[in-house]
Amino acid sequence: MLDEKRFDLELNLLALRVLREHCKLATRILNGHLLDRPRIKPVTEDPTSDKNRYMLLSEKIINPELSEIPAGKVDELKELFEIQVVPYSMTLGYSYWTADHILKQILPPGLDVPSSFETIVTLPTLIYQMSYSHTRML
111 MLDEKRFDLE LNLLALRVLR EHCKLATRIL NGHLLDRPRI KPVTEDPTSD
161 KNRYMLLSEK IINPELSEIP AGKVDELKEL FEIQVVPYSM TLGYSYWTAD
211 HILKQILPPG LDVPSSFETI VTLPTLIYQM SYSHTRML
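Sequence positions in the sequence shown follow the numbering used here and run 111 to 248.
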């Protein structure tokens, strides 16, 4: 049985608490500095207020003073609103990962992950060979 908890990845990020109205412009300003992962939106709900949103910053940004972001961009944001940096954590579970990623994790090192073509061709071939294996014994 496959232990799905083995594939959990905890992300401890920083987020900006932004008024809903400022999200679009702030997203343009922070282009390249927001979380960039497949199937995860960098703007999410603020659990404490319907008026605000959380803008999830890139995993590379670890300093609450936002020193990893160019000062010009931070100044642009400060002109729009008061910057509030909050910690944000999320878990990427088994269902987040692709089949390719899961197979790479569970197969022994050095073993290639079969492509979908190989899987489609190999399975019917094996079934065919198994169904006629009794005739080879004669």
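Note that beta-carbon positions come from the ideal geometry of N, C-alpha and C, so glycine has one too. Predicted, not measured: the structure shown is a model, and the values here were computed from it.
The straight-line gap separating the alpha-carbon atoms of Arg163 and Ala209 is approximately 32 Å. A direct Cα-to-Cα measurement between Pro218 and Met200 gives close to 29 Å. The beta carbons of Leu123 and Leu166 sit about 6 Å from each other, so the pair counts as a contact at 8 Å.
Residue pairing for Ala125: DSSP places it in a beta bridge opposite Leu166 and Val196.
The secondary-structure analysis by DSSP pairs Leu202 across a beta bridge with Leu119. Just measuring C-alpha positions, the residue of Leu213, Leu202 and Ile172 sitting nearest Val195 is Ile172. Between the C-alpha atoms of Pro157 and Pro224 there is a straight-line separation of about 42 Å.
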